[in-house]
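2 protein chains.
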Amino acid sequence: MRRINLKKASVARSDTIRHINRQIVLNYVRERSPISRAAISHETELQRSTVSLIVDELKDQGLIEEIEGESTGGRPPTLLRLRAAGPIALGVDVGTKQTMLATCDLAGRLIDRGSFKTLPDADATVEKIIECAGRMITKGRGVEAIGVSVPGLVEPERGNVIFIPHYRWRDWDVAKRLKQATGLPVRIDNDANAAALAELWFGRPEIREVRDFVMVLVEEGLGTGLVFDGQVYHGDSGAAGEFGHMTIGEGAPVTCAAGNRECWEAFASERAAVARYAKLSRREEGATFSRLVDAALGGEEAGRAALVETGRYLGVGISNIIKGLSPEAVIVGGEIARAWSLISHELVKAVEAYSLCRGMKSARIIPSTLGETPRLMGALSLVLSSKFAAVTTA
Amino acid sequence: MRRINLKKASVARSDTIRHINRQIVLNYVRERSPISRAAISHETELQRSTVSLIVDELKDQGLIEEIEGESTGGRPPTLLRLRAAGPIALGVDVGTKQTMLATCDLAGRLIDRGSFKTLPDADATVEKIIECAGRMITKGRGVEAIGVSVPGLVEPERGNVIFIPHYRWRDWDVAKRLKQATGLPVRIDNDANAAALAELWFGRPEIREVRDFVMVLVEEGLGTGLVFDGQVYHGDSGAAGEFGHMTIGEGAPVTCAAGNRECWEAFASERAAVARYAKLSRREEGATFSRLVDAALGGEEAGRAALVETGRYLGVGISNIIKGLSPEAVIVGGEIARAWSLISHELVKAVEAYSLCRGMKSARIIPSTLGETPRLMGALSLVLSSKFAAVTTA
DNA sequence: CGGACTTTGTTTGACGACTGACCAAAGGAG
DNA sequence: CTCCTTTGGTCAGTCGTCAAACAAAGTCCG
Chain B
-13 MRRINLKKAS VARSDTIRHI NRQIVLNYVR ERSPISRAAI SHETELQRST VSLIVDELKD
47 QGLIEEIEGE STGGRPPTLL RLRAAGPIAL GVDVGTKQTM LATCDLAGRL IDRGSFKTLP
107 DADATVEKII ECAGRMITKG RGVEAIGVSV PGLVEPERGN VIFIPHYRWR DWDVAKRLKQ
167 ATGLPVRIDN DANAAALAEL WFGRPEIREV RDFVMVLVEE GLGTGLVFDG QVYHGDSGAA
227 GEFGHMTIGE GAPVTCAAGN RECWEAFASE RAAVARYAKL SRREEGATFS RLVDAALGGE
287 EAGRAALVET GRYLGVGISN IIKGLSPEAV IVGGEIARAW SLISHELVKA VEAYSLCRGM
347 KSARIIPSTL GETPRLMGAL SLVLSSKFAA VTTA
Chain Y
-13 MRRINLKKAS VARSDTIRHI NRQIVLNYVR ERSPISRAAI SHETELQRST VSLIVDELKD
47 QGLIEEIEGE STGGRPPTLL RLRAAGPIAL GVDVGTKQTM LATCDLAGRL IDRGSFKTLP
107 DADATVEKII ECAGRMITKG RGVEAIGVSV PGLVEPERGN VIFIPHYRWR DWDVAKRLKQ
167 ATGLPVRIDN DANAAALAEL WFGRPEIREV RDFVMVLVEE GLGTGLVFDG QVYHGDSGAA
227 GEFGHMTIGE GAPVTCAAGN RECWEAFASE RAAVARYAKL SRREEGATFS RLVDAALGGE
287 EAGRAALVET GRYLGVGISN IIKGLSPEAV IVGGEIARAW SLISHELVKA VEAYSLCRGM
347 KSARIIPSTL GETPRLMGAL SLVLSSKFAA VTTA
């Protein structure tokens, strides 16, 4: 029931039909691999002859490859899977501490990795990214595009980084310069959006099947990535997902980027947790969030208490999101997911306490299924998802 | 960049291409009416011959009709417009005070209207709706489907009304019984979602062009309808849009349905405004919101103050929504829109005060462009939008 | 007033994509 | 070894669009 956007709508030609079916077949190979032509034909209700033609096209384009299958009583099928050979995408995850790079194949399997400490200077960081990326591209031939994930405000369509709070970089031209230096197309997005994209395309099956969910990425700040109908929602000028700046109360332990003590971010980010820890333990001034999590997991009471309190406030904000958006799932990502066993109870309790307004079925709340690299996988997903995305018609 | 849902994806056949182009042409007729075949051909880049074939099909189906045009220097065009003759949809708006019914033509112009006071008994109300609807359907032949808008929680796909707070009706089977009684298909949705749909399809051009917006419907309660990418978002099991139950502070003037004094609804609904008015004016115990608005527009200070305060809290909640969703516009609907000149200043001020966290471009905030019947237009839109909606392919 | 020009709408053959029926290939079961 | 099952490919038929030519119905200007 979508309203057609006449300004952007493109009419269907005779090859549109092939484009649509090509993407459907490709997605069957991706999701049900290894699968035979006959099985695809059976499930899609396309004729076997048609599937064969489409498969030939996908093989020619180097997207899929054949392997031998075992007979089930008749002629043995030739099974299809995504082409495994060689890297196809390069991902750059610009973090507040480290910048990580990786190449991966079509199926999203990592092939090569690299990383360096992010430099406080914007230009120097770009130079280092270009250098490191260049090395990985020449080493692994076949990279077709680059995806970049950054912890800040981005206009994805224009490839424009507006602001990165941690380093106070404004109008950072990383996308333009990467493109110039490598000659490859560059896609860029906010880290929470990228992480949401990664869960959508490469998360564990129980998340991949979910088409409406919210990614809550806890880092120094607090970002949210919204997925509606299997699609990351960017809002007007790509700035959606700043639920981190939602007002949820007063007297937070730290201030948000704008000096506000009422934002969700000021209550539930890593910085908030570290501030609570510093107050509780009273000794470590220069405590990092990593060490805090290690300490808590090691049984230290102050660390545990700081994390649990942070988890509770995460729950308060999540309950607001659930009420408003009724997603099927909420995914919590970032390093805090390592301590999920410690915080989940209090977090879920807070969500339920604030949800009592309506006796509704609540969303599943789960830690990221992508381990410790949701942002890096997100950067790679920016490239890979475009290969598999649905054809946009009207 | 949408992920294909293999469980629901349907493959493209040779007639899919026609379906897609048919909807595009139909939407050109709807939005640029009156328009000639040649103009459609020019804008869509379809051949004139193809447009002609599609137009023939649409004419045969009684969706469009021809009128004569004036020459611009060559052969005069035959202009096309939506068929104006006769009603095509019946809308039922179940309100907490009145239930309104109307029929309209394809272009959304009202043809016939009726209304009655909503009865406190669920069954009796259904009976009365069926009686009134039956009369309007037999009077105006041609009605193809019925749309119903209700002030409560709905599962639109299953046609199930879960709960209507005002009357405490649970599992109301209005859709099923209307369908049985009339033999027509019935579509049902929450009033805020319906109103959002109405703005999307029948709002003034400045809203119709917006593809991401939020409808805030102020009534006894407070509902929100979310439109993403030109599509009403329902969330998991159709329950999205309950931002009214978002926690925004403490000590609201009234309680929400669940006895909570922290919800946005408890601060900014009609009930909240009436409670403020009763407190300020101290005399009228049985004040209604309608009279409150009349009094305020008439210059009464207590009424004005009650509305302005309510507007301020509307702004607080709207600022949270803007931060999280970055919509292009926020539309405020309900009777309070009548007093827009009184409340807009304070409302916008509150939004700005709470938005300072990020110096971002803010959404436009405007009153409903559908006058006093956004819900009724919403009910009609439930039917009409399905005629014009984009073809869902993959 | 009449011919040239302009614009609109229709007709017709060619092309691309899918369907469906038939055929060839390759293995299992008896 | 023969029959059956399953997979994959071939080819005429149909549907929808494109492109170009054609017919229709005006305006413009000498």
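Top line first, the protein sequences correspond to chains B and Y. Following the working numbering, the numbering of the first sequence begins with -13 at its first residue and continues without gaps. Following the working numbering, the numbering of the second sequence begins with -13 at its first residue and continues without gaps. Beta carbons: idealized from backbone N, C-alpha and C, even for Gly. Note that this is a predicted model, so its numbers are computed, not measured.
Regarding residue i and the ligand ZN, is the C-beta to nearest heavy atom distance less than 7 Å?
| i | result |
| --- | --- |
| GLY230/Y | Ligands displayed in this structure: none; no statement on the ligand ZN is therefore possible. |
If the cut is a Cβ gap below 8 Å, which residues of chain Y does residue i touch?
| i | result |
| --- | --- |
| LEU186/B | ARG(-11) |
| VAL(-3)/B | ILE6, ASN7, ILE10, THR30, GLU31 and LEU32 |
| SER0/B | ILE3 |
Give me the chain B residues within the contact set of residue i, using Cβ-Cβ distance strictly less than 8 Å, ordered along the chain.
| i | result |
| --- | --- |
| ASP107/Y | Going along chain B, no residue has its Cβ under 8 Å from ASP107/Y, so there is no contact; the nearest lies around 23 Å. |
| ALA399/Y | Nothing can be reported for residue 399/Y: it is not among the residues displayed for chain Y, which extend from -13 to 380. |
| ILE329/Y | Neighbours of ILE329/Y on chain B: none; closest Cβ ~20 Å, over 8 Å. |
Quick check: the Cα distance between residue i and residue j, rounded to an integer number of angstroms?
| i | j | result |
| --- | --- | --- |
| SER22/Y | ILE150/Y | 47 Å |
| ASP382/B | CYS90/B | Because chain B in this structure spans residues -13 to 380, residue 382/B falls outside the shown range and cannot be described. |
| ASP157/Y | TRP326/B | 38 Å |
| LEU12/B | ILE3/B | 14 Å |
| ILE40/B | SER19/B | 16 Å |
| ARG34/B | LEU183/Y | 41 Å |
| LEU407/Y | GLY284/Y | Outside the modelled stretch of chain Y, which goes from -13 to 380, sits residue 407/Y, for which no answer is possible. |
| ASP280/B | PRO313/Y | 40 Å |
| GLY221/Y | ILE174/Y | 16 Å |
| GLU17/Y | ARG95/Y | 14 Å |
| TRP187/Y | ILE(-10)/B | 10 Å |
| SER(-4)/B | GLY211/Y | 28 Å |
| ARG127/B | GLY209/B | 34 Å |
| HIS5/B | ALA376/B | 9 Å |
| GLY310/B | MET232/B | 13 Å |
| ALA254/B | PHE214/B | 24 Å |
| ARG190/Y | GLU228/B | 29 Å |
| THR104/B | ARG(-12)/Y | 32 Å |
| SER384/B | GLY289/B | No statement about residue 384/B is possible, as the shown extent of chain B runs from -13 to 380 and does not include it. |
| GLY59/Y | LEU66/Y | 19 Å |
| ARG277/Y | VAL136/Y | 23 Å |
| VAL196/B | ALA226/Y | 15 Å |
Report all residues from its chain with a CB closer than 6 Å to the CB of residue i; omit the five preceding and five following residues, and keep chain order.
| i | result |
| --- | --- |
| ILE234/Y | TRP250, VAL302 and GLY303 |
| VAL218/Y | ASN179, ALA182 and LEU183 |
| SER354/B | ILE317, GLY319, ALA323 and PRO360 |
Against residue i, what residues of chain B qualify as contacts under a CB-to-CB distance less than 7 Å, listed in chain order?
| i | result |
| --- | --- |
| LYS309/Y | GLU228, PHE229, HIS231 and MET232 |
| ARG197/Y | ASN(-9) |
| SER372/Y | MET(-13) |
| PHE214/Y | PHE214 and TYR219 |
By Cβ distance, which residues of its chain are closer than 7 Å to residue i, with the 5 residues on each side in sequence left out?
| i | result |
| --- | --- |
| ARG154/Y | none |
| MET122/B | LEU76, LEU87, THR89, ASP98 and GLY100 |
| ALA24/B | ARG34 and PRO63 |
| GLY230/B | GLY207, LEU208, GLY209, THR210, CYS249, TRP250 and GLU251 |
How would you list, in chain order, the residues of chain B whose beta-carbon sits under 9 Å from the beta-carbon of residue i?
| i | result |
| --- | --- |
| VAL337/Y | Neighbours of VAL337/Y on chain B: none; closest Cβ ~12 Å, over 9 Å. |
| ASN306/Y | PHE229, HIS231, MET232, THR233, ILE234, ASN306 and GLY310 |
| GLY138/Y | Under the 9 Å cutoff, chain B gives no residues; its nearest Cβ is about 11 Å from GLY138/Y. |
Here's a check: name, in chain order, each residue in its chain whose Cβ is nearer than 8 Å to the Cβ of residue i, leaving out the five neighbours to either side.
| i | result |
| --- | --- |
| LYS335/Y | ARG298 and GLY301 |
| PRO106/Y | TYR153 |
| PRO62/Y | GLU54, GLY55 and GLU56 |
| VAL369/Y | ILE74, ALA75, LEU76, GLY77, GLU130, ALA131, ILE132, GLY133 and ARG173 |
Mind pulling the chain Y residues with CB within less than 9 Å of residue i?
| i | result |
| --- | --- |
| LEU(-8)/B | ILE10, ASN13, TYR14, GLU17, ARG18, GLU29 and THR30 |
| GLY313/B | Looking at the sequence shown, residue 313/B is not Gly but Pro. Going along chain Y in sequence order, the residues near PRO313/B (Cβ under 9 Å) are GLY221, ASP222 and ALA226. |
Run through chain Y and tell me which residues come within less than 7 Å of residue i, C-beta to C-beta.
| i | result |
| --- | --- |
| TYR340/B | THR233 |
Exercise. Quick one: any contact between the region 309 to 325 of chain Y and the region 198 to 209 of chain Y, if contact means 3 or more CB pairs under 8 Å?
Worked result: Below 8 Å, enough C-beta pairs join the region 309 to 325 of chain Y and the region 198 to 209 of chain Y to call them touching: three or more.
Exercise. Can you list, in chain order, the residues of the region 222 to 235 of chain Y whose Cβ is nearer than 9 Å to any Cβ on chain B?
Worked result: Those would be ASP222, SER223, GLY224, ALA225, ALA226, GLY227, GLU228, PHE229, GLY230, HIS231, MET232, THR233, ILE234 and GLY235, in chain order.
Exercise. When you check each C-beta in the region 38 to 71 of chain Y against every C-beta of chain B, which residues fall closer than 7 Å?
Worked result: Listed in sequence order: no entries.
For this session: Check whether the region 102 to 121 of chain B touches the region 162 to 178 of chain B, taking contact to mean three or more Cβ pairs, one atom from each stretch, closer than 8 Å.
Result: They touch, by the three-pair rule.
For this session: Specify whether the region 347 to 356 of chain B and the region 61 to 76 of chain B touch according to this definition: at least 3 beta carbon pairs, one from each stretch, less than 8 Å apart.
Result: The answer is no - the region 61 to 76 of chain B does not touch the region 347 to 356 of chain B, with fewer than three Cβ pairs under 8 Å.
Exercise. Can we say the region 229 to 243 of chain B touches the region 254 to 269 of chain B, given the rule of at least three CB pairs closer than 8 Å?
Worked result: Result yes; three or more Cβ-Cβ pairs closer than 8 Å.
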